[in-house]
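Enquirer: Here the protein sequences come in this chain order: A, B and C. For the working numbering, add 1010 to where a residue sits in the first sequence, where the first one is 1. For the working numbering, add 1010 to where a residue sits in the second sequence, where the first one is 1. For the working numbering, add 1010 to where a residue sits in the third sequence, where the first one is 1.
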Amino acid sequence: MSLFLIIDILGTIAFAVSGALTAMKKRMDVFGIFIIAFVTAVGGGTLRDLLIDANITWMRNLTFVYVITVAVVLAIIFRRKLGYVRRSLFLFDTIGIALYTIVGVEKGIAADFPPIICVALGTMSACFGGVIRDILCNEIPVIFRKNIYATACIVGGVAYFLLLKTTLSSDIIVIISGSVVITIRLLAVTFNWSLPSIYRKSELAED
Amino acid sequence: MSLFLIIDILGTIAFAVSGALTAMKKRMDVFGIFIIAFVTAVGGGTLRDLLIDANITWMRNLTFVYVITVAVVLAIIFRRKLGYVRRSLFLFDTIGIALYTIVGVEKGIAADFPPIICVALGTMSACFGGVIRDILCNEIPVIFRKNIYATACIVGGVAYFLLLKTTLSSDIIVIISGSVVITIRLLAVTFNWSLPSIYRKSELAED
Amino acid sequence: MSLFLIIDILGTIAFAVSGALTAMKKRMDVFGIFIIAFVTAVGGGTLRDLLIDANITWMRNLTFVYVITVAVVLAIIFRRKLGYVRRSLFLFDTIGIALYTIVGVEKGIAADFPPIICVALGTMSACFGGVIRDILCNEIPVIFRKNIYATACIVGGVAYFLLLKTTLSSDIIVIISGSVVITIRLLAVTFNWSLPSIYRKSELAED
Chain A
1011 MSLFLIIDIL GTIAFAVSGA LTAMKKRMDV FGIFIIAFVT AVGGGTLRDL LIDANITWMR
1071 NLTFVYVITV AVVLAIIFRR KLGYVRRSLF LFDTIGIALY TIVGVEKGIA ADFPPIICVA
1131 LGTMSACFGG VIRDILCNEI PVIFRKNIYA TACIVGGVAY FLLLKTTLSS DIIVIISGSV
1191 VITIRLLAVT FNWSLPSIYR KSELAED
Chain B
1011 MSLFLIIDIL GTIAFAVSGA LTAMKKRMDV FGIFIIAFVT AVGGGTLRDL LIDANITWMR
1071 NLTFVYVITV AVVLAIIFRR KLGYVRRSLF LFDTIGIALY TIVGVEKGIA ADFPPIICVA
1131 LGTMSACFGG VIRDILCNEI PVIFRKNIYA TACIVGGVAY FLLLKTTLSS DIIVIISGSV
1191 VITIRLLAVT FNWSLPSIYR KSELAED
Chain C
1011 MSLFLIIDIL GTIAFAVSGA LTAMKKRMDV FGIFIIAFVT AVGGGTLRDL LIDANITWMR
1071 NLTFVYVITV AVVLAIIFRR KLGYVRRSLF LFDTIGIALY TIVGVEKGIA ADFPPIICVA
1131 LGTMSACFGG VIRDILCNEI PVIFRKNIYA TACIVGGVAY FLLLKTTLSS DIIVIISGSV
1191 VITIRLLAVT FNWSLPSIYR KSELAED
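(1) Just to make sure I have the definition right: I need the residues of chain B whose C-beta is within less than 8 Å of the C-beta of E1116 of chain C. Which are they?
(2) Helix, strand or coil for I1043 of chain C per DSSP?
(3) Identify whether R1215 of chain A lies in helix, strand or coil by the three-state DSSP scheme.
(4) For G1139 of chain C, collect the residues of the same chain with a Cβ closer than 7 Å to its Cβ; drop the 5 residues on either side in sequence, then sort them by chain order.
(5) In angstroms, rounded to a whole number, what distance separates the CA positions of D1018 of chain A and Y1159 of chain A?
(6) Exposed or buried, which one is Y1170 of chain B when buried takes at least 16 other CB atoms within 10 Å?
(7) Check whether chain A comes within 9 Å of K1035 of chain B, counting only Cβ atoms and requiring the distance to be less than that.
(8) Find out if the Cβ-Cβ distance for the pair L1173 of chain A, S1187 of chain A is shorter than 9 Å.
(9) Residues of the stretch 1058-1092 of chain C in Cβ contact with chain B at a cutoff of 8 Å, in chain order, please.
(10) Residues of chain C with CB under 7 Å from R1155 of chain A, in chain order?
(11) Return the CA-CA distance between I1142 of chain C and L1109 of chain B, expressed in angstroms with no decimal places.
(12) Please confirm whether I1185 of chain C has its beta-carbon closer than 9 Å to some beta-carbon of chain B.
(13) Specify whether the stretch 1205-1217 of chain A and the stretch 1022-1036 of chain B touch according to this definition: at least 3 beta carbon pairs, one from each stretch, less than 8 Å apart.
(14) Buried or exposed for V1080 of chain C, going by 16 or more other Cβ atoms inside 10 Å?
(15) Can you name the start and end residues of the alpha helix (DSSP H) that M1038 of chain A belongs to?
(16) Please specify which runs of the alpha helix (DSSP H), each continuous and at least 4 residues long, are wholly inside the stretch 1113-1162 of chain B, giving them in chain order.
(17) I want to verify the contact list: residues of chain B whose CB lies under 8 Å from the CB of F1123 of chain C, in sequence order.
(18) Return the first residue and the last residue of the alpha helix (DSSP H) that A1064 of chain C is part of.
(19) Scan the stretch 1130-1146 of chain B for residues whose Cβ lies nearer than 7 Å to a Cβ of chain C and list them as they occur along the chain.
(20) What do you reckon, are the CB atoms on L1061 of chain A and L1060 of chain C nearer than 9 Å?
(21) Given a threshold of 16 other Cβ atoms within 10 Å of its Cβ, counted over all protein chains shown, does D1103 of chain C qualify as buried or as exposed?
(22) Would you call the stretch 1063-1076 of chain C in contact with the stretch 1110-1128 of chain A, where contact means no fewer than 3 C-beta pairs closer than 8 Å?
(23) Quick one: what does DSSP say I1208 of chain A is sitting in, helix, strand or coil?
(24) For R1058 of chain B, count neighbouring C-beta atoms within 10 Å of its own C-beta (all shown protein chains included) and say buried if the count is 16 or more, exposed if not.
(25) For a test of the three-state rule: what should DSSP assign to R1089 of chain B, helix, strand or coil?
(26) So for S1187 of chain B, helix, strand or coil by DSSP?
(27) Would you please verify whether the beta carbon of N1148 of chain A is less than 9 Å from any beta carbon of chain C?
(28) Tell me whether F1154 of chain C is buried or exposed, calling it buried when 16 or more other Cβ atoms sit within 10 Å of its Cβ.
(29) Please confirm whether any heavy atom of the ligand NAD lies closer than 8 Å to the CB of R1058 of chain C.
(30) Less than 9 Å between CB atoms is the rule here; does T1022 of chain A satisfy it with respect to chain F?
(31) Please state the DSSP three-state secondary structure of F1201 of chain A.
(32) Given a threshold of 16 other Cβ atoms within 10 Å of its Cβ, counted over all protein chains shown, does D1039 of chain B qualify as buried or as exposed?
(33) In chain order, what residues of the same chain lie with their CB nearer than 7 Å to the CB of M1135 of chain C, ignoring the 5 residues before and after it?
(34) In angstroms, rounded to a whole number, what distance separates the CA positions of A1093 of chain A and I1046 of chain A?
(35) Is it true that the CB of C1147 of chain A sits closer than 9 Å to the CB of V1191 of chain A?
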C-alpha cells in the first residue's frame, strides 16, 4: 500500500469521525450519523468532481465507503473516550487536508484549469466537506468564521504553483507544499491565529 | 399508460404535496411553495443523475412539471382539508419511495456501479428530495432523526440484489423488493418503530 | 468591450456586494465574506451549468474572479458608506438579473430544452445565487417569501419566447424581454408589490 493511500485513509478517518461527532451532538440516529460522516469525508471531493466533470472516486472505489463505515462504528462505540485520541485525530485531520488540497490542485492541473482555479479546487476538496456537514446540521459553516483552515490550504496551493517553476521533482513539490499546509495549520492552532478582523469594536458592540 | 408511470405520478403528487405543506407552514408565498414542492419531488432524482452523470428526466419530459404544478395548486386551495386525504397521501408517498428506490437502484446497475453504491443511489432518489426541502426551509433534515424511511429503502435495495441471484423474472424482483420497502415503512409507522437509540439516558438528559 | 460584457460585469459587482454585505452582517471573516460574495454572484449560473451539463464559465474565464475580488475588497473598505451608492447598486442588480435571465434562457434554447425549462433556467441563473447565499448564512431564502424578484424573471423569460414567434431581430427581442424584467422589478419595488397572499388573516394570526 502506497504512502499516499495510507495518508488518504487516515485523513478520511479523521474527517468521518469529525462528522460523526457533530451529528451525535445533534442527537441524530445511526443513519443520520453515517450520512453526515460520509458527506464530511467525501463532500469536498465530490463537489470538486462535479464542477470539473470528473468521475467521482468513491462511487467506483469502495475502499472509502468501508473505511468511513468502520470509522463511524468506532466513533459511536467510543464516543465518550474520543477525548483521549483527540490529538491523533487532529494530526490525521491536518495531514488529511494537506493531502486533499494537493489532490485537488493536481486534478485541476490535469484538467487544464487556470492556477487560481486549481488552488480553489484544492481548498474546496479539503474544506467543503465541512461546509456541507454544517449546512446539514443547520449551522453557519464554521470555516466562514475561523478560516485559518482554508488559508492554510490556499497558501499550500500557491506554494505548489511557485515550486512548479523550479527544477524540483514532483515528489519534492508535493512534500514541500503539503508541509506548508500542515505547518500553517499547526502554528495557527498552537498560537490561536485568526485572520485580522475587519470589524471595529464599535461594530461588534452592536451585535 | 403503464402501471409504472401511474405509480410514479402518484408518488410525485405525494412528494409535491408534502413539500407544499412544509412551505405553507413556513408561510412562504406561491413561488416559494412551488419551488419547495418541486425540489421535494425531483430533488433526490436530480442529485442522483448529477452524481452518475445521467440526463435529468424532468428537464426533457414535462409530465412531472405539469403534475407538480397541478398538485401544488390543489394543495394550496384545499390546504385546510388535506387532513381528510392524509391516509391516501401517505399511501402514495409510501408507494412512491418504493418506486423511486427501485428506479435509482436500476439506474445505478445500468451505469455499472457496485451494488452498495446502487443501493445508496436508490435511497438517495427516494429520500434526498426531503433533505433538500428541509435545508431550504432551514430545518435539520427530519430523515437524520427518524430514519425508518431511509432504512426501508436500504433494505428494499438490498433485497433487489439478493433476488437478482435467483431465477426470478425482473418484474417479480421489482414487485417483491418494492413490497419490502412498502411493508417496512407501513409496519414502522404502525408500530412507531425507530432505529435503536445509541444514546444513554444520561446523555439525553444533558440536552 | 461589448455592451453585454459591461452589463454582465456591473451585475456581477452588484451581486458580489450584496453577498459581501450579508456575510458582514453575520460577522464572517474575510475568507467567509469572499466565498459568500462569490457564491452569490456565480452560484445561480453554476447550478444551471451543472444541470445542463455545460462548461462552467468562471472556471475558464477569470474575468469574473477578478471582478468579484475587487468588489469584495471595496465592499469591505467602504462598508459603512455603501448606503450612498445603494441606488446605483440596486440599478446594477436589476440590470444584472435581467441579463442573467436572458443568458440562462438562451443557454437552455441552445441545448434544446423545452421553453418552460428554459424559462426556469433563466430564473435560476438570476435568483439561485441568492438562494445559496441565504442557505450558507443559515437563513430561509428571502426569495421564497418576497418573490417579485423571481416573478420578474419568469415574466421576462416568457416574453422572450412570445417575441421569438414574431419577426423581430434577436437583438430587439433581448432588449425588450430584458426591459420587461427591469420594469417589473422597478415597479414592484416602487409600489411595494408582492404576490397575492394565499393566507387568511386567521392563519397568519396563528403564527
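The beta-carbon is built from N, C-alpha and C at its ideal position, and this holds for glycine as well.
Expert: According to the structure data:
(1) As a working note, residue 1116 of chain C is residue 106 in the third sequence. Those do not exist, as E1116 of chain C stays about 16 Å from chain B at its closest Cβ, beyond 8 Å.
(2) Residue numbering aside, residue 1043 of chain C sits at position 33 when the third sequence is read from its first letter. In the displayed model, I1043 of chain C falls within a helix according to three-state DSSP.
(3) Here residue 1215 of chain A refers to the residue found at position 205 when the first sequence is read from its first residue. It is worth fixing the name first, because residue 1215 of chain A is Ala in this sequence and not Arg. When secondary structure is reduced to three states using DSSP, A1215 of chain A falls in the helix class.
(4) Taking the first residue of the third sequence as 1, we reach residue 1139 of chain C at position 129. Excluding sequence neighbours, G1139 of chain C sits near F1025, V1049, T1050, A1051, V1052, G1053 and G1054.
(5) For the purposes of this step, residue 1018 of chain A is identified with residue 8 of the first sequence, where counting begins at 1. For the purposes of this step, residue 1159 of chain A is identified with residue 149 of the first sequence, where counting begins at 1. Near 18 Å, if we compare the C-alpha coordinates of Y1159 of chain A and D1018 of chain A.
(6) Here residue 1170 of chain B refers to the residue found at position 160 of the second sequence. Counting the other CB atoms within 10 Å of its CB gives Y1170 of chain B a total of 16 or more, which places it among the buried residues.
(7) Position 25 of the second sequence holds residue 1035 of chain B. Closer than 9 Å: no.
(8) Here residue 1173 of chain A refers to the residue found at position 163 of the first sequence. Here residue 1187 of chain A refers to the residue found at position 177 of the first sequence. Yes.
(9) Residues passing the 8 Å Cβ filter: L1060, L1061, I1062 and D1063.
(10) What you label residue 1155 of chain A is simply residue 145 of the first sequence in a count that begins at 1. Here the neighbours are M1038, D1039 and G1042.
(11) Locating residue 1142 of chain C in the third sequence gives position 132, where the first residue counts as 1. Locating residue 1109 of chain B in the second sequence gives position 99, where the first residue counts as 1. Each residue's Cα considered, the two are about 30 Å apart.
(12) Numbered from its first residue, the third sequence carries residue 1185 of chain C at position 175. Taking Cβ atoms only, chain B never reaches closer than 9 Å to I1185 of chain C, which makes this a no.
(13) The count of Cβ pairs closer than 8 Å, one atom from the stretch 1205-1217 of chain A and one from the stretch 1022-1036 of chain B, stays below three, leaving the stretches out of contact.
(14) The count along the third sequence starts at 1 and reaches residue 1080 of chain C at position 70. V1080 of chain C counts as exposed, since fewer than 16 other beta carbons sit within 10 angstroms of its beta carbon.
(15) As a working mapping, residue 1038 of chain A is identified with position 28 in the first sequence. Where M1038 of chain A is concerned, there is no enclosing alpha helix (DSSP H), given that its DSSP letter is neither H nor E.
(16) You should have 1125-1146.
(17) Position 113 of the third sequence, counting from 1, holds the residue named residue 1123 of chain C. M1069 and R1070, listed in chain order.
(18) Position 54 of the third sequence holds residue 1064 of chain C. Per DSSP, A1064 of chain C belongs to no alpha helix (DSSP H) and is neither H nor E.
(19) Of all residues in the stretch 1130-1146 of chain B, only I1145 and L1146 come within less than 7 Å of chain C when Cβ atoms are compared, listed by chain position.
(20) The count along the first sequence starts at 1 and reaches residue 1061 of chain A at position 51. The count along the third sequence starts at 1 and reaches residue 1060 of chain C at position 50. Against a cut-off of 9 Å, the Cβ pair of L1060 of chain C and L1061 of chain A comes out as a contact.
(21) In the third sequence, residue 1103 of chain C corresponds to position 93, counting from 1. A buried status is given to D1103 of chain C, since no fewer than 16 other beta-carbon atoms sit within 10 Å of its beta-carbon.
(22) Flag = yes, the stretch 1063-1076 of chain C and the stretch 1110-1128 of chain A touch.
(23) By 1-based counting over the first sequence, the position of residue 1208 of chain A is 198. Residue state for I1208 of chain A is assigned as coil, using DSSP reduced to three classes.
(24) As a working mapping, residue 1058 of chain B is identified with position 48 in the second sequence. Taking all protein chains in view, the Cβ of R1058 of chain B is crowded by 16 or more other Cβ atoms within 10 Å, so the residue is classified as buried.
(25) In the second sequence, the residue the question calls residue 1089 of chain B occupies position 79. In this structure, R1089 of chain B counts as helix in the three-state DSSP scheme.
(26) As a working note, residue 1187 of chain B is residue 177 in the second sequence. S1187 of chain B falls in the helix class under three-state DSSP.
(27) By one-based count along the first sequence, residue 1148 of chain A stands at place 138. When Cβ-Cβ separations below 9 Å define contact, N1148 of chain A makes contact with chain C.
(28) Working through the third sequence from its first residue, we reach residue 1154 of chain C at position 144. It counts as buried.
(29) Looking at this structure, you won't find the ligand NAD or any other ligand, since it has none at all.
(30) The structure shown contains no chain F; its protein chains are A, B and C.
(31) Along the first sequence, read from residue 1 onward, the residue named residue 1201 of chain A stands at position 191. Three-state DSSP puts F1201 of chain A in coil, outside helix and strand.
(32) Translated into positions along the second sequence, residue 1039 of chain B becomes position 29. The residue in question, D1039 of chain B, is buried, as its Cβ has 16 or more Cβ neighbours within 10 Å.
(33) Here residue 1135 of chain C is taken as the residue at index 125 of the third sequence, counted from 1. Checking the sequence, you will find Ser at residue 1135 of chain C rather than Met. Cβ within range, chain order: G1054, G1055, R1058, Y1110, T1111, V1113 and G1114.
(34) The count along the first sequence starts at 1 and reaches residue 1093 of chain A at position 83. The count along the first sequence starts at 1 and reaches residue 1046 of chain A at position 36. Sequence check: residue 1093 of chain A is Gly here, not Ala. C-alpha separation (whole angstroms): 20 Å.
(35) Walking along the first sequence from the start, residue 1191 of chain A turns up at place 181. Walking along the first sequence from the start, residue 1147 of chain A turns up at place 137. It is not a contact, given that the beta carbons lie outside the stated cut-off.
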